[in-house]
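Working notes, beginning with the structure itself.
So, in structure tokens, the structure goes:
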């Protein structure tokens, strides 16, 4: 059993480190990365001059707001003395994403100042504009929540999957896949995109429950294969599993899975990195970011998965300390682990909506 706060923190902080490592080189070709950082590519956090810590991107920002939405939905259910159902959770997470949108200098015409409450939106560092994905900001800006039953677009971009990891920490086995898929579909309605997201959440769930890496991935994969319209995602993961079993990890094998700008590619590439170095967090991240593709997303997803598995105590503290908002990330992780507290302080922190 790995349902400990160390593994929850490992998940979120691992993703943030992967995000911060990969984001500055996310649109570079590998030969350019080598030219800038040496033959082995980038192996350290890039910290801008005059700034104390490396920047996170919208990946980690939205992950934190996903977590906040999950926690506030629990408060609403307890306050109303009713079971926490899918719709309540989706509405709670959607509203959290609108708060994130506000931090990026944008807002929908339907909200008032009172809607921007809770402690997370008051974190000054989260109001930094980090070039968020176009699909997320345009769909949220309309103020309409997409869903699997009511698609809002046909996107399967990585913007849906990159923020899903908290679902795997907080949801039970019977709900986790559907919850991950439905939360991704708030902004990204293509089946391949939301099914990849459900799969990621399920992998993290099984890791938290104490499964080994391969077993967690295989169990989540079995659930994916039972879903309608899963062919693209199944094919991508199948290829990742075959490559991971084929011997020495290489950048060429990783790049054969795609560039990671699509959800199924991002998940497959992260799975390849995790299976290549299941017991070496930094080696997995170095593989995840040094290639021609979407270094930030692959780094974040690899960090989420492997961070859950190894726990925060097995992640270099020097990397933790050098990533911005690490204290806030720790606090969210601790609160996800608690799940809910029946206190006035908790309700002030995570007010029902």
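Residue numbers (my numbering): -1 to 351.
Backbone N, C-alpha and C define an ideal beta-carbon position, used for all residues, glycine too.
Within 10 angstroms of the Cβ of residue i, are there 16 or more other Cβ atoms? Answer buried if so, exposed if not.
i           : result
residue 30  : exposed
residue 168 : buried
residue 267 : buried
residue 107 : exposed
residue 315 : exposed
residue 125 : exposed
residue 22  : buried
What's the gap between the Cα of residue i and the Cα of residue j?
i           : j           : result
residue 213 : residue 197 : 13 Å
residue 328 : residue 3   : 9 Å
residue 9   : residue 310 : 8 Å
residue 294 : residue 347 : 30 Å
residue 49  : residue 56  : 18 Å
residue 239 : residue 211 : 12 Å
residue 38  : residue 5   : 29 Å
residue 190 : residue 225 : 10 Å
residue 155 : residue 131 : 9 Å
residue 114 : residue 127 : 17 Å
residue 250 : residue 234 : 16 Å
residue 179 : residue 222 : 11 Å
residue 337 : residue 345 : 12 Å
Excluding five sequence neighbours on each side, which residues of the same chain lie with their C-beta closer than 7 Å to the C-beta of residue i?
i           : result
residue 322 : 51, 52, 53, 54 and 123
residue 308 : 8 and 279
residue 300 : 16, 268, 271, 272, 282, 283 and 286
residue 237 : 255 and 266
Spatial neighbours of residue i within its chain, please: C-beta separation below 6 Å, excluding the five flanking residues on both sides.
i           : result
residue 7   : 310, 328 and 331
residue 291 : 257 and 258
residue 145 : 183
Starting from the C-beta of residue i, find all residues in its chain whose C-beta is less than 8 Å away, skip the five residues before and the five after it, and write them out in chain order.
i          : result
residue 90 : 67, 68, 70, 71, 74 and 351
Between residue i and chain C, is any beta-carbon pair separated by less than 8 Å?
i           : result
residue 182 : No chain C appears in this structure, which consists of one protein chain only.
Take every Cβ of the segment 272 to 287, pair it with every Cβ of the segment 171 to 188, and state whether three or more of those distances are shorter than 8 Å.
no
Ignoring anything shorter than 4 residues or poking outside the segment 34 to 109, list the alpha helix (DSSP H) runs there in chain order.
56 to 77 and 84 to 101
If you scan the segment 127 to 190 from start to end, which runs of the alpha helix (DSSP H) of 4 or more residues do you find wholly inside it?
132 to 139, 163 to 168 and 174 to 182
Is it a yes or a no for the segment 207 to 221 touching the segment 244 to 252, going by three-plus beta-carbon pairs under 8 Å?
no
If contact is defined by three or more beta carbon pairs under 8 Å, each pair taking one atom from either stretch, is the segment 29 to 48 in contact with the segment 184 to 198?
no
Meets three-Cβ-pair contact criterion under 8 Å: the segment 95 to 107 and the segment 78 to 86
no
Would you be able to state if there are at least three C-beta pairs under 8 Å between the segment 67 to 77 and the segment 149 to 163?
no
Between the segment 57 to 66 and the segment 110 to 129, are three or more C-beta pairs nearer than 8 Å?
yes
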